[in-house]
Amino acid sequence: MYVRSIRKLYNEIVFFADRSDINEELVRLKSHMKQLADTLSEGGVIGRKLDFILQEINRESNTIGSKSSTIKITQSSVEIKNHIEKMREQVQNIE
8 MYVRSIRKLY NEIVFFADRS DINEELVRLK SHMKQLADTL SEGGVIGRKL
58 DFILQEINRE SNTIGSKSST IKITQSSVEI KNHIEKMREQ VQNIE
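Okay, so the sequence shown: first residue is 8 according to the numbering used here, each after it adds one.
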């Protein structure tokens, strides 16, 4: 019985650690930010592409916010989403 309890606790800790690990999302976020900068420097017809990249950044931000265990990260996630929404409004005016 005791061993099962330890195993269950261990599994819960592993699950929580995995769920609260945002490293993958940060790597993808960094990649999306690079794509955003590269696309902005391309010029031409980029509105739809920018909107798609901003959607992906928003998705990563949502995941980070939901995995967050600290108020600072949660607040940062909300700020990112706020800026993304403003940027998406601007992108609607770009061909």
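Glycine included, C-beta positions come from ideal geometry on N, C-alpha and C.
Using a Cβ-Cβ cutoff of less than 6 Å, which residues in the same chain neighbour residue i once the five nearest sequence positions on both sides are dropped?
i, result
"residue 53", "46"
"residue 68", "84, 87, 88"
"residue 63", "39"
Can you give me the C-alpha to C-alpha distance between residue i and residue j, rounded to a whole angstrom?
i, j, result
"residue 84", "residue 70", "9 Å"
"residue 58", "residue 91", "10 Å"
"residue 75", "residue 38", "20 Å"
"residue 95", "residue 30", "25 Å"
"residue 43", "residue 93", "15 Å"
"residue 101", "residue 32", "28 Å"
"residue 41", "residue 49", "12 Å"
"residue 28", "residue 51", "38 Å"
"residue 98", "residue 78", "30 Å"
Return helix, strand or coil for residue i, following the three-state DSSP convention.
i, result
"residue 65", "helix"
"residue 30", "helix"
"residue 76", "coil"
"residue 85", "helix"
"residue 98", "helix"
"residue 71", "helix"
"residue 53", "coil"
Output needed for residue i: all residues of its chain with C-beta closer than 8 Å, excluding positions within five of it in sequence on either side, in chain order.
i, result
"residue 72", "80, 81, 84, 85, 88"
Should residue i be labelled buried (16 or more other beta-carbon atoms within 10 Å of its own) or exposed?
i, result
"residue 60", "buried"
Could you pull out every residue in the same chain whose Cβ sits closer than 7 Å to the Cβ of residue i, ignoring the five residues on either side in sequence?
i, result
"residue 35", "67"
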